[in-house]
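One structure below.
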Amino acid sequence: MSQQNKKLTVDVLVLGGGPAGAWAAWSAASKGAKVVLADKGYVGTSGATAPGGTTLLVIPPIAELREQAVQSRLKAGGYLSENAWIHRVLDQVEVNLEQVEHWGYPFPKDEDGQSLRTHLHGPQYMQIMRKVVLKAGVKIWDQSPALELLHDEHGVGGARGINRLTGEKWEVKANAVVMATGGCAFLSKGLGCNVLTGEGLLMSAEVGADMSGMEFSRQYAPSFAEGSVTRGRMLAWATLYDAEGQPLLKGDRTFGGIPELMLKGPVYASMDLADTEEKREFLRRAHPIFFMPLERSGIDPFKEKFPLTLRYEGTMRGTGGLRLIDHDCSTTVAGLYAAGDAASREKVTGAISGGGAYNASWAMCSGSWAGEGAAQYAQSQPKQADGRNLVAAGHHGMPAGSASSAPLEVKPLVSAIQREILPLHINYFRSEPIISASLDRLNALKAYIDRQAPATVQGIVQSREAAAMLTVGRWMYTAALARKESRGLQKMVEYPELDPRQTYRLIVSGVDHIGISTESVPHAHELDVRKEGRAV
Amino acid sequence: MIELVSSDRCIGCNVCVRVCPTNVFDMKDKIAVIARKEDCQTCFMCEAYCPVDALYVAPQADWSVEVDEAELIASGILGSWREEIGWGQRSGDTMAERDTTPFFEVFTEQYRGK
Numbered sequence: 001m002s003q004q005n006k007k008l009t010v011d012v013l014v015l016g017g018g019p020a021g022a023w024a025a026w027s028a029a030s031k032g033a034k035v036v037l038a039d040k041g042y043v044g045t046s047g048a049t050a051p052g053g054t055t056l057l058v059i060p061p062i063a064e065l066r067e068q069a070v071q072s073r074l075k076a077g078g079y080l081s082e083n084a085w086i087h088r089v090l091d092q093v094e095v096n097l098e099q100v101e102h103w104g105y106p107f108p109k110d111e112d113g114q115s116l117r118t119h120l121h122g123p124q125y126m127q128i129m130r131k132v133v134l135k136a137g138v139k140i141w142d143q144s145p146a147l148e149l150l151h152d153e154h155g156v157g158g159a160r161g162i163n164r165l166t167g168e169k170w171e172v173k174a175n176a177v178v179m180a181t182g183g184c185a186f187l188s189k190g191l192g193c194n195v196l197t198g199e200g201l202l203m204s205a206e207v208g209a210d211m212s213g214m215e216f217s218r219q220y221a222p223s224f225a226e227g228s229v230t231r232g233r234m235l236a237w238a239t240l241y242d243a244e245g246q247p248l249l250k251g252d253r254t255f256g257g258i259p260e261l262m263l264k265g266p267v268y269a270s271m272d273l274a275d276t277e278e279k280r281e282f283l284r285r286a287h288p289i290f291f292m293p294l295e296r297s298g299i300d301p302f303k304e305k306f307p308l309t310l311r312y313e314g315t316m317r318g319t320g321g322l323r324l325i326d327h328d329c330s331t332t333v334a335g336l337y338a339a340g341d342a343a344s345r346e347k348v349t350g351a352i353s354g355g356g357a358y359n360a361s362w363a364m365c366s367g368s369w370a371g372e373g374a375a376q377y378a379q380s381q382p383k384q385a386d387g388r389n390l391v392a393a394g395h396h397g398m399p400a401g402s403a404s405s406a407p408l409e410v411k412p413l414v415s416a417i418q419r420e421i422l423p424l425h426i427n428y429f430r431s432e433p434i435i436s437a438s439l440d441r442l443n444a445l446k447a448y449i450d451r452q453a454p455a456t457v458q459g460i461v462q463s464r465e466a467a468a469m470l471t472v473g474r475w476m477y478t479a480a481l482a483r484k485e486s487r488g489l490q491k492m493v494e495y496p497e498l499d500p501r502q503t504y505r506l507i508v509s510g511v512d513h514i515g516i517s518t519e520s521v522p523h524a525h526e527l528d529v530r531k532e533g534r535a536v
Numbered sequence: 001m002i003e004l005v006s007s008d009r010c011i012g013c014n015v016c017v018r019v020c021p022t023n024v025f026d027m028k029d030k031i032a033v034i035a036r037k038e039d040c041q042t043c044f045m046c047e048a049y050c051p052v053d054a055l056y057v058a059p060q061a062d063w064s065v066e067v068d069e070a071e072l073i074a075s076g077i078l079g080s081w082r083e084e085i086g087w088g089q090r091s092g093d094t095m096a097e098r099d100t101t102p103f104f105e106v107f108t109e110q111y112r113g114k
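Protein chains in written order, with the UniProt record's numbering: chain E, 1 to 536; chain B, 1 to 114.
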């Protein structure tokens, strides 16, 4: 492994090159900032959006329509969303989507020739984003996972990482850092999600940033059992069957009952509700990525039954992440901004999932705002980051945090973490004794993280990923135990109802010791206790 | 998971090494090799980017399956995902241009109800 170091000083460092990171980098560069965008994988293929696609939250600028959407979200999200933020997203996303069309994305048109900018196929979208980010002057560093942040008493000042292909260590000093590393999906192999292992959240917590909404992490997506593709909306066209071939459900638009059905036995699906060639052709063209793996397995999904599984979606389609404190997507740590799924999406989704539209629009908008905010902040600093007395903050799963000479074996550790996080019987059907026993076991795994990781590139990167997943899991279950009610994605068997007195956000902070506090929300008083007192 | 790098087709361009989000490939003797199959996330992106259709990702995400290169070529599967996205040699229009998703909700409501 090469020991030489690649060093650079810029204004803004963006970590993560999915949609949120790409928009952040483009926005910061468009404001005149010098920008490096470092991604663990490759900007264009990395993240949850690239391999498949993304449906956008777009509502025409008609006041009643938008107000209706905002109000229904407020109610569905347990009154934890903020109307003003949803309106901001609805305004901003129009601007961004027009821009995407201008850059060459071929949106389909309606009968009147109006572009319908409501869905983006991932490969083409992210290929365009890579092109425009480069054109804006951003330096893209692919295959370059960040491992730790740099900081001083004034806040964040860059990051250090490693190039996975060359083994070269890198260091970028920057007065502002945008964290756009996505959520944490615990290597559950949902489409494109195995790069989302939570390091961005861990490194932010190591410099003092807070997380919010980590209890809203009970989200699983149906997938062909053998495959990776999670496109639940397609099941609106499916009949679900049990092992004997008896129909269980038909054309369920919410597929919310699948975990319960799976408790009883295997569940199969067939897209047999698409009973004409026209319907089949329509669906095939809408989501080719859903059909291709089935066809490759020799299954005709319109006629035959295929087994389903549920892939855990962690905080990616869950809702928690870095707590934002202002309109520019700044966090509680000076110079640190968050965008996309790395940020808590509670401001726009409340307590429910932002999956299937909100998250995609949020990624674009929060990316734009964080990029602009970071550029402005960096450019207003009295000196460049290389003039600061910065130190590296990485600890957990890194040599600096290692307290034992025993070797760290990453794969068994990851399996042990997954055994606590992935199973439906722990994480979906949550109850106090089960979650607290699981949290105890996760806490006991902390000792393994302090061992010596192998000094290979994979060892260095994967031990940090394991430390991050362990930490995110501990945050999730700590928050789950603190919210003694059921609201949105959080459900506890002991507390089946919404408790109006708990209409607040839960903030977790710290890694070794996890602190927990509450934050009030602006619309809490609108929750009508008489009407909503039972359950949402 | 990734199951095939066709040594006949691979031109050693290094694209799969560069674009794989989970760092599965290495270069060895000037062609790509599957070095860390267990890290493959079955996202099909390498196939989409391979300029000579030398790669095959089997849909099975959790276990390895046997594949036969001659069969994959004969059935037209090798390179089919790149073709479908619209990045292949023969591609006329792109997946995005054929997209019916913007009409999905209306279409589904019309035939399936709310």
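A virtual CB, placed ideally from N, CA and C, is assigned to each residue, including glycine.
- Going along the region 108-129 of chain E in order, which residues come within less than 7 angstroms of chain B, judged by CB to CB distance? P108, L116, T118, H119, H121, P123, Q124
- Task: Using beta-carbon positions only, say whether E:T503 and E:A482 come within less than 7 angstroms of one another.
- Result: no
- The alpha helix (DSSP H) spanning E:E465 covers which residue range? DSSP places E:E465 inside the alpha helix (DSSP H), whose first and last residues are 457-482.
- Taking DSSP as the reference, what is the three-state secondary structure of E:W141? strand
- Item | Between the CA atoms of E:A243 and E:W23 - distance to the nearest angstrom | Each residue's alpha carbon lies about 46 angstroms from the other.
- Message: Which of the three DSSP states is assigned to E:C184 in this structure?
- Response: Note: E:C184 maps to strand in three-state DSSP.
- Item | Residue of B:M1, B:S7, B:R112, B:R82 minimising C-alpha distance to B:R36 | B:M1
- Item | Given E:E101 as reference, the closest of E:R117, E:R284, E:R88 once Cα atoms are compared | Of the candidates E:R117, E:R284, E:R88, the one whose C-alpha sits nearest the C-alpha of E:E101 is E:R117.
- Item | Continuous beta strand (DSSP E) stretch holding B:D26: start and end | Unbroken beta strand (DSSP E) run through B:D26: 25-28.
- Within 9 angstroms of chain B by C-beta, residues of the region 74-104 of chain E in sequence order: Taking 9 angstroms as the Cβ-Cβ cut-off against chain B, none of the residues of the region 74-104 of chain E qualify.
- Task: Let me know the secondary structure DSSP gives E:S2 once reduced to three states.
- Result: Its pLDDT being 44, under 50, E:S2 is placed unreliably by the model, and the measurement read from it follows with that caveat. In the structure shown, the three-state DSSP call for E:S2 is coil.
- Message: At a threshold of 6 angstroms, does E:M214 count as lining the ligand HEM (C-beta to nearest heavy atom)?
- Response: Only the bare structure without any ligand can be found here, which leaves the ligand HEM out of the picture.
- At a CB-CB cut-off below 7 angstroms, which residues of chain E make contact with B:D68? Simply none; closest approach about 13 angstroms.
- Give a yes or no on whether 7 angstroms exceeds the smallest Cβ distance from E:T45 to chain B. yes
- Looking at C-alpha atoms only, which residue of E:E148, E:G21, E:K31, E:G18 is the closest neighbour of E:A393? E:E148
- Can you pull the chain B residues whose beta carbon is under 9 angstroms from the beta carbon of E:M469, in chain order? Those within 9 angstroms of E:M469 in chain B number zero; the least Cβ separation is about 15 angstroms.
- Task: Return the residues of the region 189-218 of chain E that lie within a Cβ-Cβ distance of less than 8 angstroms from chain B, sorted by chain order.
- Result: K189, L191, G192, C193, N194, V195
- Going along the chain, which residues of the region 285-317 of chain E sit with their C-beta nearer than 8 angstroms to a C-beta in chain B? Residues R285, A286, H287, P288, I289, M292, P293, L294, R296, S297.
- Would you check if the distance between the CB atom of E:S223 and the CB atom of E:L322 is smaller than 7 angstroms? no
- Task: Could you tell me whether any Cβ in chain B is nearer than 7 angstroms to the Cβ of E:M1?
- Result: No answer about E:M1 holds up, because its pLDDT of 44 lies below 50 and its placement is not dependable.
- Coarse secondary structure for E:Y105, derived from DSSP in three states: It is coil, neither helix nor strand.
- Task: Within the same chain, show all residues whose beta-carbon is closer than 7 angstroms to that of E:S2, passing over the 5 residues directly before and after it, in chain order.
- Result: Unreliable placement is indicated for E:S2, whose pLDDT of 44 sits below 50; the coordinate value is still reported in the next sentence. T166, G167, E168, listed in sequence order.
- Query: Can at least three beta-carbon pairs, one atom from the region 72-92 of chain E and one from the region 377-388 of chain E, be found at a separation below 8 angstroms?
  - Reply: no
- Which of helix, strand or coil does DSSP assign to E:D39? coil
- Task: Find out if the Cβ-Cβ distance for the pair E:R285, B:T108 is shorter than 7 angstroms.
- Result: no
- Query: Is the beta carbon of E:V229 less than 7 angstroms from the beta carbon of E:I289?
  - Reply: If you check the CB distance, E:V229 and E:I289 come in under 7 angstroms.
- Message: Comparing C-alpha positions only, which one of E:A343, E:L80, E:D499, E:W237 sits nearest to E:E281?
- Response: Looking at the Cα atoms, E:W237 is the closest of the given residues.
- Query: Taking the runs of the beta strand (DSSP E) that are 3 residues or longer, which of them lie wholly in the region 192-231 of chain E?
  - Reply: 220-224
- Query: When the Cα atoms are used, what is the spatial distance from E:A374 to E:G198?
  - Reply: 21 angstroms
- CA-to-CA distance, E:V178 to E:V10, given in whole angstroms: 13 angstroms
- Tell me which same chain residues have a C-beta within less than 7 angstroms of the C-beta of E:I59, skipping the five on either side of it? L65, R66, A69, L90
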